[in-house]
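Sequential numbering from 461 applies to the sequence shown in the numbering used here. Structure, as structure tokens:
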Amino acid sequence: MRRFFYDPVIQDTQGQIRIIGPEAHHIRNVLRMQVGEPAELYDGKGAVVFAQMSQISAKEAIFQVLSRQHQAASGTPLTLAQAVLKGKKMDLLIQKATELGVHTFQPVITQYCEKSGQARQQVKQLERWQRIMLEACKQCRRPIPMQIFSPITLQELSFPEKAQKIMPWENEAGTSFSALRLNTDQPVLVLIGPEGGFHPAEVAYTEEIGFITISLGPRILRAETAALAAVVLAQQGMGNLSLR
């Protein structure tokens, strides 16, 4: 079944939902959906609408509402703070973090990471990440999108007072991720470095502000691999991967 996001303020009339803009173009010209076909519609806040297309035109697709459900956000919030990576590696992480249930994705600028460019480039980059994230939400049937913020410096990184702060680090030899005992009621923040790793001064700073450095095993992982491995381990440790 096809899935689409809509704006509940301007596109929901209770009995019908009007999909407009790029989504309507996609429905008509790419998917070539026909009147009578079913769809799941998400408002981005937890509402799941089961509907059937009743009209299609060049500018809009109108769906007749059949039923409505609401899905609350599940699990303890997990934030992935990722140093900006080169090329399309960030695109991959945005997609996979969405599928794995990450609550918030925070790009971070560190000494050895890919620089994020000028303001205009950053806006386009953020818009692309948002599109990738929404497409991943449709694929994995996630009704509440992952939050994605603009890149910030390591010193600007903020977190809840009681957050459990974890930083996988290739030089950590004493503490493995499996040795952690995560509190399932407290949010978790996982910080991942860039391809070049963290500068020693950055490691010292993160330890000062309460991060626990941990090891992901005996092998040196690529940054994107380390991020996904850490997310899965954190979600498992918090109980967010259990069947509900």
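Every residue gets a Cβ at the ideal spot worked out from N, C-alpha and C, and that includes glycine. If you're wondering where the values come from, they're calculated on a predicted model, not measured in any experiment.
Minimum C-alpha distance to R602 - residue among I477, P628, A484 and V508: When each option's Cα is compared against that of R602, the closest is V508.
Boundaries of the alpha helix (DSSP H) in which H485 is found, first to last residue: Where H485 is concerned, the enclosing alpha helix (DSSP H) stretches over P482 to H485.
At least 3 beta-carbon pairs within less than 8 angstroms: the segment 507–521 vs the segment 536–555: Under the three-pair Cβ rule at 8 angstroms, the segment 507–521 does not count as touching the segment 536–555.
Own chain partners of G699 with C-beta closer than 8 angstroms, once the 5 adjacent residues on each side are dropped: G535, T536 and T644, listed in sequence order.
For M493, three-class secondary structure by DSSP: Correct three-state label for M493: coil.
Touch test, the segment 471–489 against the segment 513–523, Cβ-Cβ under 8 angstroms, three pairs minimum: Counting C-beta pairs closer than 8 angstroms gives three or more between the segment 471–489 and the segment 513–523, which meets the contact rule.
Backbone secondary structure at F637 - three-state DSSP: DSSP places F637 in helix when its eight states are reduced to three.
Alpha-carbon spacing of V495 relative to D467, whole angstroms: Rounded to the nearest whole angstrom, the CA to CA distance from V495 to D467 is 21 angstroms.
Nearest-angstrom beta carbon gap, F609 and Q566 [assumed within contact, 8 angstroms]: Indeed they touch by this definition, with Cβ atoms about 5 angstroms apart.
Test item: CB-CB of L688 and Q695 under 8 angstroms: Contact flag unset, no.
I669 versus P654, L617 and V691, residue with shortest Cα-Cα distance: If we check each option's Cα against that of I669, L617 comes out closest.
Through-space distance from A532 to K505, alpha-carbon basis: Taking the CA atoms as reference points, K505 sits about 8 angstroms from A532.
Cβ neighbour criterion (16 or more within 10 Å) applied to M461: Classification of M461: exposed, given that the 10 Å Cβ count is below 16.
Unbroken beta strand (DSSP E) run spanning T564, endpoints: For T564, the enclosing beta strand (DSSP E) has its first and last residue at T564 to I569.
Cα-Cα separation, H530 to G481: Rounded to whole angstroms, H530 to G481 spans 25 angstroms at the Cα level.
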